[in-house]
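Under mature numbering (1 follows the signal peptide of the UniProt record, and there is no 0), residues -27 to -1, 1 to 196 are what the sequence shown spells out, in order.
Backbone N, C-alpha and C fix where the C-beta goes; we use that ideal spot for every residue, glycine too.
One structure is given below, encoded as structure tokens.
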Amino acid sequence: MLIAAHRLKGLALLAAGLVCAASAASAHPHVWVTAKAQLVYEDGRLVGVRDTWSFDPEYTAFITQGLDANKDGTLSPEELAGLAKENTANLAEFGYFTKLKVGGKEQAFADPKEPAAHMEDRALVMTFLLPLKTPVQQGRGVAALEVYDPTYFVAFSFAEGAEAATLAGAPQGCAATVTRPKTEQPKTAEAGTPGMTEAFFEALTTASTYGVQFASRVLVACP
């Protein structure tokens, strides 16, 4: 069973119903995601980004309700396939929360491919490939990748360790590093704190820059 269309409208894609569940005393964020990213190369050109997102247990429990079709108490990749496909498609209006620049020039993505999902313990893990509309020869320019929600409804943080950022098919000598934000992500923003009320966050749009202060950045340099 897929998530109903009204649950996928706007940012409800990632947190429908959780707004109502959140207490009046708390504001954003409502959903926590641990991210991994793989930059994909072919014939020396950067051709896409593979996002892998692991959702917090509370959101996972909400979004997977009713998806255990065979009632065996586990959720298989097959049972989650429809959810992955529909949710990935609905991320388009948010730019897939993924920004990529090469040599300082922002890159545009084509429609996502290979959406999939599986469970790891109590976490829903969703993956998808974002092909570049135009593959780019990186050369000695730096590729800079950020994954974040401008409105901070969803808090993204990159995983720890070498798997946080990887390269596939990259030219020899290319290396990826992750730089962490200097601003620590709050677990919750208390209503009444100046500038941090729910009304403040509701006024933010996908064009806002609030969420970028919490964004980690993947930097890829090639010799």
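**Asked** If Ser130 sits next to Thr7, beta carbons under 8 angstroms apart, how far is it from one beta carbon to the other, in whole angstroms?
**Response** 6 angstroms
**Selected residue, minimal CA-CA separation from Ala65, among Gln111, Pro154, Ala81, Ala128** = Ala81
**Asked** In the DSSP assignment, what residue or residues form a beta bridge with Glu136?
**Response** Looking at the DSSP assignment, Glu136 forms no beta bridge with any residue, so it has no partner.
**Asked** Which of helix, strand or coil does DSSP assign to Ala(-3)?
**Response** For Ala(-3), the predicted structure reports a pLDDT of 34, less than 50, and the residue's modelled location is therefore unreliable. A value from the coordinates is still provided. Coil.
**Request:** Could you tell me how far apart the beta carbons of Cys147 and Ala194 are, in whole angstroms, since I believe they sit closer than 8 angstroms?
**Result:** 7 angstroms
**Message:** Rounded to whole angstroms, what is the Cα-Cα separation between Glu119 and Arg113?
**Reply:** 19 angstroms
**Prompt:** Just curious, the beta strand (DSSP E) that Tyr14 is in, first and last residue?
**Reply:** 4 to 15
**Message:** Between the alpha carbons of Ala10 and Leu48, how many angstroms are there, rounded?
**Reply:** 24 angstroms
**Item:** Close beta carbons around Ala137, own chain, < 6 angstroms, minus the five adjacent residues each side
**Value:** Lys9, Phe131, Val151
**Range of the contiguous beta strand (DSSP E) that encloses Val192** = It should be noted that the sequence gives Leu, not Val, for residue 192. From DSSP, the beta strand (DSSP E) with Leu192 extends over 190 to 194.
**Prompt:** Along the chain, which unbroken stretches of the alpha helix (DSSP H) at least 4 residues long are found entirely within the region 18 to 69?
**Reply:** 30 to 36, 50 to 63
**Message:** Mapping the DSSP letters down to three states, classify Thr124 as helix, strand or coil.
**Reply:** coil
**Request:** Out of Phe35, Asp24, Glu87, state which residue places its alpha-carbon closest to the alpha-carbon of Tyr69.
**Result:** Asp24
**Message:** My output table needs one value for Gln80: the three-state DSSP class, helix, strand or coil.
**Reply:** coil
**Message:** Can you check which of these residues, Leu192, Gln111, Ala96, is closest to Phe35 by C-alpha distance?
**Reply:** Ala96
**Member of Trp5, Pro2, Tyr14 whose CA lies at the smallest distance from the CA of Gln111** = Tyr14
**Request:** Identify every residue that forms a DSSP beta bridge with Thr71.
**Result:** Val120
**Request:** Pull up the distance between the alpha-carbon of Glu52 and that of Ser189, whole angstroms please.
**Result:** 32 angstroms
**Message:** I need the DSSP call for Ala148, collapsed to helix, strand or coil.
**Reply:** strand
**Item:** Counted within 10 angstroms of its Cβ, other Cβ atoms place Thr107 as buried (16 or more) or exposed
**Value:** exposed
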